[in-house]
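Engineer: Straight run, no breaks: the sequence shown in our numbering ends on number 277.
From the three backbone atoms N, C-alpha and C, an ideal C-beta is built for every residue, glycine too.
Treat the numbers as computed from the prediction; the structure is a model and nothing was measured.
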Amino acid sequence: MTVEEKMELLKEIIKGLGAVCIAYSGGVDSTFLTKVSRDVLGDDVLAVTATSPTYPRRELEEAIALAKEIGVRHIVIESGEMMMPDFVENRPDRCYHCKRDLFDRLKDISHSYGFKYILDGSNLDDTRDFRPGRIAAEERGVKSPLREAGLTKEEIRLLSRRLGLRTWNKPSLACLSSRIPYNERITEKKLSQIEEAEEVLKGLGFTQFRVRHHNEIARIELIPEEFPFILDEVKRARIVDRLKSLGFIYITLDMAGYRTGAMNEVLKDAD
Numbered sequence: 007m008t009v010e011e012k013m014e015l016l017k018e019i020i021k022g023l024g025a026v027c028i029a030y031s032g033g034v035d036s037t038f039l040t041k042v043s044r045d046v047l048g049d050d051v052l053a054v055t056a057t058s059p060t061y062p063r064r065e066l067e068e069a070i071a072l073a074k075e076i077g078v079r080h081i082v083i084e085s086g087e088m089m090m091p092d093f094v095e096n097r098p099d100r101c102y103h104c105k106r107d108l109f110d111r112l113k114d115i116s117h118s119y120g121f122k123y124i125l126d127g128s129n130l131d132d133t134r135d136f137r138p139g140r141i142a143a144e145e146r147g148v149k150s151p152l153r154e155a156g157l158t159k160e161e162i163r164l165l166s167r168r169l170g171l172r173t174w175n176k177p178s179l180a181c182l183s184s185r186i187p188y189n190e191r192i193t194e195k196k197l198s199q200i201e202e203a204e205e206v207l208k209g210l211g212f213t214q215f216r217v218r219h220h221n222e223i224a225r226i227e228l229i230p231e232e233f234p235f236i237l238d239e240v241k242r243a244r245i246v247d248r249l250k251s252l253g254f255i256y257i258t259l260d261m262a263g264y265r266t267g268a269m270n271e272v273l274k275d276a277d
């Protein structure tokens, strides 16, 4: 099936739903889904963004701006995962508890608007990694039209560009809690350290990265093409000084480079 055929299938899937409430983060996938849904369903679309210490402030601001550009109804809610022991204890099923809470909230919101369906931005590539949040989505009857249409991340970026969405080349996002090793307690202090450390890298021009939090160690993941830039004396000194001021003692570069689901590697080793 060509990407154009997948796009038409996506539109047919969305059209068949009638009126939808979308879990919208402002990332590549959920923005594309929101745009296509708005084009197909008009005003019968509500985008909902859940904010918390796990969601960078910069991303919230961008999500709000993008929703205005798309012209979709948009509301922001406070999520409650930081009050949930099953989340902050950070076991491998952490994502399940967070998503379960989120989808329960979205279900209440969608009912209040008279909408029947909740959508998320999961794509075909998401089936290839450990994603316990998918279980919560399936239990709550959440629809994933991008995955149903067989769209990959690369195809979504291509189609986003054709639609004029500035998110087409936006770096992949993930909850800040994903930077903390499993079974290490999630705290607002750690999340703040991660957010501010990643802001340093973004401000220095790095594109796709993560700062993994190992207590006194900050493990930086970059795409290999950008390894030479971190060795620039000015950039290196800036990173070391700023991250140490945030409370890290050791600042390291992961030679394996940036990859999604890096914290899941310990789970694979345990198999």
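Using beta-carbon positions only, say whether T173 and L249 come within less than 8 Å of one another.
Structural biologist: Numbered from 1 along the sequence shown, position 167 holds the residue referred to as residue 173. Numbered from 1 along the sequence shown, position 243 holds the residue referred to as residue 249. No; because the gap between Cβ atoms is not below 8 Å, this pair is not in contact.
Engineer: Got a sec, what are the start and stop residues for the alpha helix (DSSP H) I28 sits in?
Structural biologist: What you label residue 28 is simply residue 22 of the sequence shown in a count that begins at 1. Not the alpha helix (DSSP H): I28 falls in the beta strand (DSSP E), residues 26-29.
Engineer: With a cut-off of 8 Å on the beta carbons, I'd call F121 and L52 a contact; round off their distance for me.
Structural biologist: Taking the first residue of the sequence shown as position 1, residue 121 is located at position 115. Taking the first residue of the sequence shown as position 1, residue 52 is located at position 46. That pair is a contact at about 6 Å.
Engineer: Give the range of the beta strand (DSSP E) segment to which F121 is assigned.
Structural biologist: Translated into positions along the sequence shown, residue 121 becomes position 115. It is not in any beta strand (DSSP E) - F121 carries neither H nor E in the DSSP assignment.
Engineer: Decide if the segment 113-127 is in contact with the segment 149-160; the criterion is three or more beta carbon pairs, one per stretch, under 8 Å apart.
Structural biologist: Segments in contact, yes.
Engineer: Can you say whether Y256 is buried or exposed, counting buried as having 16 or more other CB atoms within 10 angstroms of its CB?
Structural biologist: For the purposes of this step, residue 256 is taken as residue 250 along the sequence shown, with counting starting at 1. Exposed, by the Cβ-count rule.
Engineer: Going along the chain, which residues of its own chain have a beta-carbon closer than 6 Å to the beta-carbon of E232, five neighbours each way excluded?
Structural biologist: Here residue 232 refers to the residue found at position 226 of the sequence shown. Excluding sequence neighbours, E232 sits near F212.
Engineer: Compute the Euclidean distance between the alpha carbons of P177 and Q214, then round it to the nearest angstrom.
Structural biologist: Here the question's residue 177 lines up with position 171 in the sequence shown. Here the question's residue 214 lines up with position 208 in the sequence shown. Those two C-alpha atoms are separated by around 6 Å.
Engineer: Compute the Euclidean distance between the alpha carbons of L197 and Y61, then round it to the nearest angstrom.
Structural biologist: Here residue 197 corresponds to residue number 191 of the sequence shown, with the count starting at 1. Here residue 61 corresponds to residue number 55 of the sequence shown, with the count starting at 1. For L197 and Y61, the distance between alpha carbons rounds to 9 Å.
Engineer: How about N270 and R191: are their beta carbons less than 8 Å apart?
Structural biologist: Here the question's residue 270 lines up with position 264 in the sequence shown. Here the question's residue 191 lines up with position 185 in the sequence shown. Result no, Cβ atoms of N270 and R191 do not sit closer than 8 Å.
Engineer: According to DSSP, is R265 helix, strand or coil?
Structural biologist: Translated into the one-based positions of the sequence shown, residue 265 becomes position 259. Three-state result, R265: coil.
Engineer: Are L171 and K41 close, meaning C-beta to C-beta below 8 Å?
Structural biologist: For the purposes of this step, residue 171 is taken as the residue at position 165 of the sequence shown. For the purposes of this step, residue 41 is taken as the residue at position 35 of the sequence shown. For L171 and K41, yes; Cβs fall inside 8 Å.
Engineer: For R218, does the three-state DSSP call read helix, strand or coil?
Structural biologist: Taking the sequence shown and counting its residues from 1, the one referred to as residue 218 is at position 212. R218 falls in the strand class under three-state DSSP.
Engineer: Just how far apart, CA to CA, sit V94 and G263?
Structural biologist: Position 88 of the sequence shown holds residue 94. Position 257 of the sequence shown holds residue 263. Each residue's alpha carbon lies about 27 Å from the other.
Engineer: Between the beta-carbon of L108 and the beta-carbon of A69, is there less than 8 Å?
Structural biologist: Stepping through the sequence shown from its first residue, residue 108 is reached at position 102. Stepping through the sequence shown from its first residue, residue 69 is reached at position 63. Not in contact: L108 and A69 (Cβ atoms no closer than 8 Å).
Engineer: Which two residues bound the contiguous beta strand (DSSP E) that contains L259?
Structural biologist: Translated into positions along the sequence shown, residue 259 becomes position 253. Segment 256-259, the beta strand (DSSP E) holding L259.
Engineer: Please say whether G156 and K12 have beta carbons closer to each other than 8 Å?
Structural biologist: One-based indexing of the sequence shown puts residue 12 at position 6. One-based indexing of the sequence shown puts residue 156 at position 150. Yes; because the gap between Cβ atoms is below 8 Å, this pair is in contact.
Engineer: What do you get for A142, buried or exposed, if any count of 16 or more other CB atoms within 10 angstroms of its CB means buried?
Structural biologist: Stepping through the sequence shown from its first residue, residue 142 is reached at position 136. The residue is buried, with at least 16 neighbouring Cβ atoms inside 10 Å.
Engineer: Just confirm the distance between the C-beta atoms of I236 and L252, as a whole number of angstroms; I'd bet it's less than 8 Å.
Structural biologist: In the sequence shown, counting from the first residue as 1, residue 236 sits at position 230. In the sequence shown, counting from the first residue as 1, residue 252 sits at position 246. Wrong, their Cβ atoms sit about 17 Å apart, outside the cutoff.
Engineer: Ignore the nearest five residues each way along the sequence and tell me which others in I115's own chain have a CB closer than 8 Å to its CB.
Structural biologist: As a first step, residue 115 is located in the sequence shown; it is residue number 109 there, counting from the start. These residues qualify, in order along the chain: C27, L52, V54, I81, I83.
Engineer: Run through DSSP, which three-state label would I192 get?
Structural biologist: As a first step, residue 192 must be located in the sequence shown, where it is residue number 186. Coil at I192, not helix or strand.
Engineer: At the level of alpha carbons, what is the spacing between M261 and H103?
Structural biologist: Counting from one through the sequence shown, the residue named residue 261 turns up at place 255. Counting from one through the sequence shown, the residue named residue 103 turns up at place 97. When rounded, the distance between both Cα atoms is 32 Å.
Engineer: Which word fits E161, buried or exposed, when buried means at least 16 other C-beta atoms lie within 10 angstroms of its C-beta?
Structural biologist: Taking the first residue of the sequence shown as 1, we reach residue 161 at position 155. Flag for E161 reads buried.
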